[in-house]
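Reading the sequence shown from the start, the letters are residues 0 to 446 in numbering that gives the first Met the number 0.
Here's the structure, in structure tokens; my notes come after.
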Amino acid sequence: MPERESQIESNPNEIERTDKEYVFGTWSYQKEVSPTQIVDADGSRFTTADGNEYIDCSSQLMCSNLGHSAERVVDAIEEQVQKTAYVAPNYTTESRAKLGKKLAEVTPGDLSKTFFSTSGTEAVEAAIKIARFYTGKQKIISRYRSYHGATYGSISVTGDPRRLASEPGIPGTIKAPDPYAYGSTLDPMESVEYIDEMLELEGDTVAAILVEPIVGSNGILVPPNEYLPRLTEIAHDHGALLICDEVMTGFGRTGEWFGCDVFDVEPDIMTMAKGLTGAYQPLGATIVNSELAEHFEENMFCHGHTYAGHPTAVAASLAAIETYQEENLIERASEVGEYLGDRIDELAEKHPSVGDTRGVGLFRGIELTKHPEMRVPFGERDDKISAGTTIVDEVSATASDNGVYVANMINTLIIAPPLTITENEIDTAMEAIDVALDVSDDAMSTD
Ligand SMILES: Cc1ncc(COP(=O)(O)O)c(C=O)c1O
């Protein structure tokens with residue numbers, strides 16, 4: 000293996016230079032974009048063009064839940080594309096029908112009818128429209144520390160600063176405080192009562208409350224057990240629907256099928272993507288309960304896409320769900336997740352710059368701090384939309400220099416490996432993160 004090239008000072012190859020010149024990097028100042036070419040991936044690892052191998056500790060973008068070599072899913076895609084690469088949404092395929100039924104089985108409660116799209120963003124767009132069509136009301140309450148997608152509706156309900164450049168966005172979106180015990184002035188259960196008051200003061204105009212059951216890209220925020228049940232009660236008491244955005248938390252990530260299962264909550268609408276196909280195909284899904292489904296028997300379901308229920312995407316998803324089930328990957332995520340949590344706690348003991356550790360299953364966050372008593376973050380919310388790198392970026396880059404890919408968002412390292420990761424691979428990953436955390440320890444305030 001050649002000497003590992005530092006992520007901090009990379010030397011791009013021809014493909015990487017061409018890509019940088021002709022393709023937009025997402026959510027970035029283009030002068031700072033430096034794509035790394037991946038040439039191979041296997042299990043929980045991937046290899047870059049310079050021959051370096053990495054453990055994928057964030058499942059790429061928290062989506063490759065099955066790892067990078069799920070044969071059954073690959074075969075299903077190949078078989079479908081050979082048979083029929085595409086059918087219009089007014090036709091169907093065996094996989095689409097079976098997947099609809101399967102999703103009704105694995106999702107909680109009475110969720111039963113699905114609209115298919117091609118991304119998490121589109122799944123959220125559909126959820127917003129469905130909630131408005133059904134209730135006849137317009138407003139959507141979501142929270143500040145959230146991400147729900149990139150298009151106008153979904154970015155308008157997003158709380159994180161990536162929303163700001165697209166404002167004013169769609170009308171009728173309201174932001175609420177978050178259950179963020181480490182970084183917010185409100186206690187999580189106070190924040191939920193605040194939402195109760197918001198609904199009271201808005202009168203009967205709120206169609207839905209939209210939340211990630213466990214906040215993902217805004218820092219892996221796990222609410223107290225009573226939070227989500229209370230939020231459901233508050234929504235329903237005020238005639239609003241509960242939408243759970245399970246795009247990141249779905250399909251075993253938390254050690255349960257869905258994030259809302261961790262809290263025994265049954266939403267009225269649920270959105271899914273990412274783990275829905277294990278990222279083998281782009282697919283989004285919005286599932287609704289039978290009462291909402293029934294509403295559209297006599298009212299137009301005024302929504303659709305050319306690729307709604309794309310044959311290869313639904314075939315991949317059906318095979319992905321069969322893989323989760325037959326390989327017991329949900330239970331596995333829970334067990335291996337306990338091990339991961341213990342290893343992360345050991346790092347927290349050792350490194351003073353670890354301010355907080357949070358998470359369940361294989362969905363874990365390490366929040367960094369310059370000053371533990373004052374809880375001063377290294378990365379601020381505005382850094383998400385500013386040029387330059389933070390200490391948190393440097394910690395990730397150092398982990399990468401040591402063979403481990405770990406995503407970071409604002410002030411938190413996101414540890415969310417494939418559900419297939421082994422304990423040995425977790426050990427190797429933790430060793431690299433251990434070295435990387437010396438960077439933040441060294442950068443702590445001394446006063
Ligand atoms: C909770 C949540 N909702 C929606 C989205 C948007 O999904 P996509 O990027 O597939 O459009 C994301 C993406 O990270 C997400 O984490």
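Glycine is no exception: its CB is placed at the ideal position from the N, C-alpha and C atoms.
{"Query": "Integer-rounded CB distance, given that valine 264 should sit under 8 angstroms from threonine 253", "Result": "With 8 angstroms as the limit, threonine 253 and valine 264 do not qualify as a contact, their Cβ atoms being about 13 angstroms apart."}
{"Query": "Contact test: glutamate 211 Cβ vs ligand 1 heavy atom, cutoff 6 angstroms", "Result": "yes"}
{"Query": "is_contact[aspartate 392, chain C] using C-beta, thresh 7 angstroms", "Result": "No chain C appears in the structure shown, which is made up of a single protein chain."}
{"Query": "Proximity winner among Ala69, Thr172, Ala435, His302, relative to isoleucine 365 (alpha-carbon distances)", "Result": "Ala435"}
{"Query": "N- and C-terminal bounds of the beta strand (DSSP E) containing tyrosine 53", "Result": "52–55"}
{"Query": "Check: methionine 247 C-beta below 6 angstroms from any heavy atom of ligand 1", "Result": "yes"}
{"Query": "Rounded separation between glutamate 13 and glutamine 36 - CA only", "Result": "10 angstroms"}
{"Query": "Burial state of leucine 102, where buried means 16 or more other Cβ atoms lie within 10 Å", "Result": "buried"}
{"Query": "Proximity of alanine 278 and phenylalanine 115 at Cβ, strictly below 7 angstroms", "Result": "no"}
{"Query": "According to DSSP, residues forming a beta bridge with tyrosine 404", "Result": "Asp55"}
{"Query": "Arginine 363 and isoleucine 414 closer than 7 angstroms at C-beta", "Result": "yes"}
{"Query": "Beta-carbon contacts of glycine 152 that lie in its chain and below 6 angstroms, excluding the five residues immediately before and after", "Result": "Glu124, Ile127, Ile169"}
{"Query": "Glycine 148: CB within 6 angstroms of a non-hydrogen atom of ligand 1", "Result": "yes"}
{"Query": "Distance, leucine 240 Cα to isoleucine 286 Cα", "Result": "13 angstroms"}
{"Query": "Of the residues Met299, Ser385, Thr411, the one placed nearest proline 160, counting alpha carbons only", "Result": "Ser385"}
{"Query": "Contact belief for alanine 292 with serine 111 at Cβ below 8 angstroms, rounded distance in angstroms", "Result": "6 angstroms"}
{"Query": "Nearest-angstrom beta carbon gap, alanine 307 and proline 88 [assumed within contact, 8 angstroms]", "Result": "4 angstroms"}
{"Query": "CB contact flag (leucine 328, serine 352, <7 angstroms)", "Result": "no"}
{"Query": "Beta-carbon gap between isoleucine 420 and serine 43 smaller than 7 angstroms", "Result": "yes"}
{"Query": "Residues of its chain near serine 316, where Cβ-Cβ distance is below 6 angstroms and the 5 sequence neighbours each way are ignored", "Result": "Leu98, Leu275, Thr276, Leu282"}
{"Query": "Isoleucine 208 versus Ala69, Asp177, Ile76, residue with shortest Cα-Cα distance", "Result": "Asp177"}
{"Query": "Cβ-based burial, methionine 0 [other Cβ within 10 Å; buried from 16]", "Result": "Note that methionine 0 scores 45 on pLDDT, short of 50, meaning its location in the model is unreliable; the coordinates nonetheless yield the value given after this. So methionine 0 ends up on the exposed side."}
{"Query": "Proximity test, glycine 251 beta-carbon vs ligand 1 heavy atom, cut-off 6 angstroms", "Result": "no"}
{"Query": "Endpoints, the beta strand (DSSP E) within which leucine 412 is located", "Result": "411–414"}
{"Query": "CB of valine 375 within 7 angstroms of CB of valine 438, strictly", "Result": "no"}
{"Query": "Where glycine 298 sits in the DSSP three-state scheme", "Result": "Per the sequence shown, residue 298 should be read as asparagine rather than glycine. The answer is coil: DSSP assigns asparagine 298 none of H, G, I, E or B."}
{"Query": "Every unbroken beta strand (DSSP E) inside the stretch 170–227 [3 residues or more]", "Result": "172–175, 205–210"}
{"Query": "CB of leucine 418 within 7 angstroms of CB of alanine 332, strictly", "Result": "yes"}
{"Query": "Sub-7 angstroms separation of methionine 269 and glutamate 290 beta-carbons", "Result": "no"}
{"Query": "Alpha helix (DSSP H) segment containing glutamate 104, residue limits", "Result": "93–105"}
{"Query": "Contact check, methionine 408 vs serine 216, beta carbons under 7 angstroms", "Result": "yes"}
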